[in-house]
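Here the sequence shown stands for residues 63 to 156, numbered as in our numbering.
The next block holds one structure in the form of structure tokens; read it before the comments.
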Amino acid sequence: MKTLEHRRICNSLLLLYKSLFCEGPRYIRDFFGFKDSTYNLRGSGVNLSMPRFNLNWMKNSFTYQVAKFWNSIAPDLRKGNLSKFVKSIKNKLF
């Protein structure tokens, strides 16, 4: 059985994936933006920009935490279809 923290992370990532690529809520998509780079880097165009805060307690916010976990996932898993994404985050990610 997975821990509560693991399930929260998986559900948050799933909600983000659906918001960005499928039929998820549009207002969540508005919180996030993809990081643009002028260099040809691996994973460019699939990393989310990290919001900047002056206070440490803001690093516990949904936007910051989900962007951090999203950027830690391998780029090939982020580009797959929904069922592949769900299987990968539930089995292999943590």
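Cβ coordinates follow ideal geometry from the N, Cα and C atoms, glycine included.
Could you round the C-beta distance between Phe147 and Leu139 to whole angstroms and report it? I think they count as a contact, below 8 Å.
6 Å
Residue-chain proximity (Gly86, chain C), Cβ-Cβ < 8 Å:
Among the chains in the structure shown there is no chain C, since it carries only a single protein chain.
Answer with buried or exposed for Ser81, where buried requires no fewer than 16 other C-beta atoms within 10 angstroms of its C-beta.
buried
Identify every run of the alpha helix (DSSP H) within the region 101-154, keeping only runs that are complete inside it and at least 4 residues long; order them along the chain.
124-134, 137-140 and 144-153
Contact defined as beta carbons within less than 8 Å: I believe Phe93 pairs with Asn109. What is the distance between those atoms, to the nearest angstrom?
Not really, about 15 Å apart at Cβ, beyond 8 Å.
Do you know how far the Cα of Met112 is from the Cα of Lys152?
24 Å
Expressed to the nearest angstrom, what Euclidean distance is found between the alpha-carbon atoms of Lys121 and Pro87?
23 Å
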